[in-house]
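Enquirer:
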Amino acid sequence: MGMEIETRGKGKKKGRARPEMNVTPLVDVVLVLLIIFMVVMPSMHRFFWLYLPPQVHAEQMPIEQSNPPIVVTVNRNGQIQINREVFPDATFPVRLRRMLVARQERKIYFDADDGAPFERAVEVMDLSRSAGAAHIAVMTERLR
1033 MGMEIETRGK GKKKGRARPE MNVTPLVDVV LVLLIIFMVV MPSMHRFFWL
1083 YLPPQVHAEQ MPIEQSNPPI VVTVNRNGQI QINREVFPDA TFPVRLRRML
1133 VARQERKIYF DADDGAPFER AVEVMDLSRS AGAAHIAVMT ERLR
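In our numbering, each residue carries its 1-based index in the sequence shown increased by 1032.
#1: I need the DSSP call for Thr1056, collapsed to helix, strand or coil.
#2: Which partner residues of Gln1113 appear in the DSSP bridge assignment?
#3: Can you tell me which of the three DSSP states Pro1074 falls into?
#4: Using beta-carbon positions only, say whether Val1118 and Asp1143 come within less than 9 Å of one another.
#5: Check the DSSP bridge columns for Val1170 and list the partner residues they point to.
#6: Inspect the beta-carbon positions of Ala1148 and Val1106 and report whether they are closer than 9 Å.
#7: For Glu1151, which three-state DSSP category applies?
Given below as structure tokens:
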């Protein structure tokens, strides 16, 4: 850090010090940090630490055939299916409500075809909720 003392006219010193900022050390440190981050960051993206709990092989309970799960599906054409049976929009909420009332658990499984319109899938989920579905489980795998 430098300092300069102002002088007046013919060599007379005023006596007031004026500090100067020397930014060279700051720039050096910032550039070194920038280079370090540029070297380290690409290697950080290669590693992803993920700790999964140990897998427990639980016995799968067989699905009761008398009371199969309710699977609501939206196909590519936007048609609504309950357990692979097609229903028009007008009768879908009534039919789903009847099926849910007959069960203790008001849970449905929802599946939309890959080509199904997104808006239609959301609309069917809203209809299912209004028909009385307390829980909507979105399926990630197809039922066999």
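Where is the CB? At the ideal position from N, CA and C, for every residue including glycine. For clarity, every value in this text was computed on a predicted model and none was experimentally measured.
Expert: In short, the structure shows the following:
#1: helix
#2: Thr1105, Val1118
#3: helix
#4: no
#5: Phe1142
#6: yes
#7: helix
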